[in-house]
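Trainee: This structure is in structure tokens; I'll ask about it shortly.
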Amino acid sequence: MKNDMSASDFIEEFKKNKAKKDLGRYLTEKLNEEQSNRLNAVLNDEKALNELLSSEKAQRIIKELTGDDNG
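Mapped onto the numbering used here, the consecutive letters of the sequence shown carry residue numbers 11 to 81.
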């Protein structure tokens, strides 16, 4: 994730990502029904999703996943 990419930009990229279906399948296999329902509620609420992705923990995880070590 580029340092100048906002949470909103990340959301748009996430929505466009074709691997989203694969991610959904993976999460469905890993999460129980209650966890899956909570995740879907957040993913369908753009404000909640934006707040989640803006958190320090989410930013740290995103950087780890994207290999962006530049802070």
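All residues carry an ideal CB built from backbone N, CA and C; glycine is no exception.
1. Give the range of the alpha helix (DSSP H) segment to which S64 is assigned.
2. How should L59 be labelled, buried or exposed, when 16 other C-beta atoms within 10 angstroms of its C-beta is the threshold for buried?
3. Assign L75 to buried or exposed, taking buried as 16 or more other Cβ atoms, counted over all protein chains shown, within 10 Å of its Cβ.
4. For N82, does the three-state DSSP call read helix, strand or coil?
5. How close, in whole Å, do the beta carbons of L49 and L41 come, if the pair is a contact with beta carbons under 8 Å?
Mentor: By the coordinates alone:
1. E56 to S64
2. Under the 10 Å beta carbon count, L59 is surrounded by 16 or more other beta carbons and is classified as buried.
3. Label assigned to L75: exposed.
4. Since the first residue of the chain shown is 11 and the last is 81, residue 82 is not available in this structure.
5. 6 Å
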